[in-house]
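Note that the numbering used here has the sequence shown beginning at 1374, numbered continuously upward.
For glycine and all other residues, C-beta sits at the position ideal for the given N, C-alpha and C.
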Amino acid sequence: MDSPLGRILIAQNSVGLVAIDFQEGLAAKSPEAAWHFQKKLDGDAVEQLRAYFNGELYQFTLPLAPKGTLFQQQVWTALQSIPYGQTISYGELARKIGLPTAARAVGAANGKNPLCIIVPCHRIIGSNGTLTGFRGGVRLKEGLLELERRHSAKSNRQLTMVLGNN
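Following this line, the structure appears as structure tokens:
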């Protein structure tokens, strides 16, 4: 599917989504899933991704089936608790899962996340606030964070207007 930040490829099995990635640079990443192209784009994943890019969806509700170690799964689950439009550091995420000295291991698991956007690995930043290590590249990470900031700001302005009119 096309998005404001480039073409997105989606892979799923009978259980759920196994991979979502930007096509740009995909050949260099050697994804585990075999990518099969369909001309007809439909389904909940496409609908929810479109709503996300339009600023209409802040939390995904899709069945997920990523392959990874128990530790990777733990990190990917914790990533899903980071609110839309917000960021935390690798160290903060390590503390959140009860392993305060595992920031580097969290970073490695974050880099193996096969479900970008849906499992928001782009919301993790360096301890000094820098944008680091995103599977799709820092430019895409910056684009996703900017999109979320823009939509969050718009949503907050609309809420203020509604509450201010009561």
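CB contact flag (Lys1469, Gly1441, <8 Å): The criterion of a C-beta distance shorter than 8 Å is not satisfied by Lys1469 and Gly1441.
Span of the beta strand (DSSP E) around Phe1395: Counting along the chain, the beta strand (DSSP E) containing Phe1395 begins and ends at Leu1390 to Phe1395.
Cut-off 7 Å between Cβ atoms - residues of its own chain near Gly1516, not counting five sequence neighbours on either side: Same-chain partners within the cutoff: Leu1378.
Range covered by the alpha helix (DSSP H) that runs through Gly1364: No answer is possible for residue 1364: the residues shown for the chain start at 1374 and end at 1539.
Rounded distance between the beta-carbons of Phe1444 and Ile1491, thought under 8 Å: Cβ atoms of Ile1491 and Phe1444 stay farther apart than 8 Å, at about 19 Å.
As assigned by DSSP and simplified to three states, the class of Ala1384: The three-state reading of DSSP puts Ala1384 in strand, counting E and B together.
Same chain, Cβ closer than 7 Å to Gln1447, five either side skipped, listed in chain order: For Gln1447, where only same-chain residues beyond five positions count, the Cβ hits under 7 Å are Ile1470.
Pair within 8 Å by beta-carbon distance, Pro1439 and Pro1487: In this structure, Pro1487 lies closer than 8 Å to Pro1439 by Cβ.
Residue span of the alpha helix (DSSP H) that contains Thr1450, given as start and end: Residues Leu1443 to Leu1452.
Bounding residues of the alpha helix (DSSP H) (the contiguous stretch that carries Lys1469): Segment Tyr1463 to Lys1469, the alpha helix (DSSP H) holding Lys1469.
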